[in-house]
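Heads up, the thing below is written out as structure tokens.
Dropping the structure here:
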């Protein structure tokens with residue numbers, strides 16, 4: 023009996039349970055992610071303020087990069103690697119067959135098993151593309167101005183941006199403004215750069231020494247001016263780094279949540295992206311909710327027929343809710359809430 027108790031669990035069993043646990047955690051993340059994104063569309067007339075607050079809060083968390091790696095990157099990697107193992111050995115049996123393989127498409131769980139594998143392939147590609155687009159290709163640049171930050175991103179100009187930028191405190195500049203204020207031949211001439219800070223001069227307080235202070239005010243002013251010059255230089259170089267084409271503008275925003283909202287709006291005004299993200303959302307929600315049902319079975323939460331039916335109804339309700347939240351963000355951010 024002692025020898026049996028001391029026997030180690032099979033590694034495959036441990037990895038399957040870890041795959042299940044990371045899947046459950048990712049369901050929670052998906053709920054949070056879609057709930058946040060839906061606020062860009064559902065509160066019509068609110069200009070996405072709920073979305074902006076949520077993103078600003080997340081972006082203000084300390085050690086955010088560590089949190090993203092440990093609480094998102096690693097769980098996704100574990101779930102993905104073991105999921106690929108499932109895909110390699112999967113044998114769906116819900117399709118019609120010539121008799122050489124089982125065909126049991128009349129059973130709902132068999133069809134769900136097949137779609138779980140299909141959505142796995144969609145998500146495998148979709149996650150890489152989504153992260154690549156939002157985290158690298160479209161990620162805003164950051165410029166430091168004193169103790170504040172300014173976020174910069176390119177946008178395709180449209181009529182709605184005129185009024186939306188006014189309501190969201192967004193400064194829009196075009197290529198002509200950049201050529202006039204930051205000419206290439208003057209990038210080493212710091213005399214032109216103080217003009218660039220005129221948008222957000224209220225972010226900086228003038229330096230002054232207390233009365234009777236022994237600080238060298240001239241030296242302090244010199245150092246402060248040198249810092250301002252470096253910030254102006256970085257600001258100008260950031261603006262010049264973008265190749266602004268005809269019909270494009272740069273958005274300059276003091277809040278990360280606001281620039282993110284504009285990037286999301288920019289994405290969802292393109293019909294192709296609407297189609298691709300709709301497929302991505304539906305696949306992610308089905309995969310998550312079907313996996314949640316399997317999680318309940320695996321861990322003994324649904325141990326009898328009655329509890330299985332109850333959990334099945336709850337999972338279907340959750341699936342419909344998540345699809346509503348996700349598709350609302352995709353279809354409503356630009357075309358309903360933030361077009362003008």
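In the working numbering, the protein residues as written are 23 to 362. We put the CB at the ideal spot given by N, CA and C, even for glycine.
Taking the C-beta atoms as reference points, residue 94 is found no nearer than 8 Å to residue 195. Under the three-state reduction of DSSP, residue 66 is assigned to coil, being neither helix nor strand. Here residue 281 really is in contact with residue 162; their C-beta atoms are around 5 Å apart, less than 8 Å.
Between residue 175 and the set 186, 325, 270, the nearest pair of CA atoms involves 270.
With fewer than 16 other Cβ atoms inside 10 Å of its own Cβ, residue 252 counts as exposed. When C-beta atoms of the region 51-68 are compared with those of the region 250-269, fewer than three pairs fall below 8 Å, so the two segments do not count as touching. Residue 290 has its alpha-carbon roughly 32 Å from the corresponding atom of residue 203. Looking only at 55, 86, 40, the smallest Cα-Cα distance to residue 347 is reached by 55. Annotation: the continuous beta strand (DSSP E) that includes residue 164 extends over 163-167. The residues 262, in chain order, have a CB closer than 8 Å to that of residue 206 in the same chain once the five nearest residues on each side in sequence are set aside. Bridge partners of residue 173 according to DSSP: 164, 275. Burial check for residue 305: the Cβ neighbour count within 10 Å reaches 16 or more, so the residue is buried. In terms of Cβ geometry, residue 362 and residue 154 do not form a close pair [threshold 8 Å].
At the C-beta level, residue 74 and residue 294 stay beyond 8 Å of one another.
For residue 194, the pairing in a beta bridge is given by DSSP as 273. Per DSSP, residue 206 lies in no alpha helix (DSSP H) segment and is marked neither H nor E. Within 10 angstroms of the beta-carbon of residue 107 lie fewer than 16 other beta-carbons, which makes it exposed. A check of alpha carbon separations from residue 109 across 131, 239, 317, 146 identifies 146 as the nearest. Under DSSP, no beta-bridge partner is assigned to residue 54. Counted as a single uninterrupted DSSP element, the alpha helix (DSSP H) harbouring residue 306 occupies residues 293-320. The DSSP assignment places no complete run of the beta strand (DSSP E) inside the region 75-120 (cut-off: 3 residues). With a cutoff of 8 Å on beta-carbon distance, residue 344 and residue 53 are scored as near each other. For residue 359, same chain residues with a beta-carbon under 6 Å away, outside a window of 5 residues either side, are 63, 66 in chain order. About 6 Å separates the beta carbon of residue 165 from that of residue 256, a gap short enough to meet the 8 Å contact definition. Shown here, residue 178 sits in a strand according to DSSP, grouped into three states. By the C-beta density criterion, residue 105 is buried, having at least 16 other C-beta atoms within 10 angstroms. When C-alpha distances from residue 351 are compared across 35, 96, 101, 70, the shortest belongs to 70.
Its chain contains 261 as the residues whose beta carbon lies nearer than 6 Å to that of residue 200, once the 5 sequence neighbours on both sides are disregarded; these appear in chain order.
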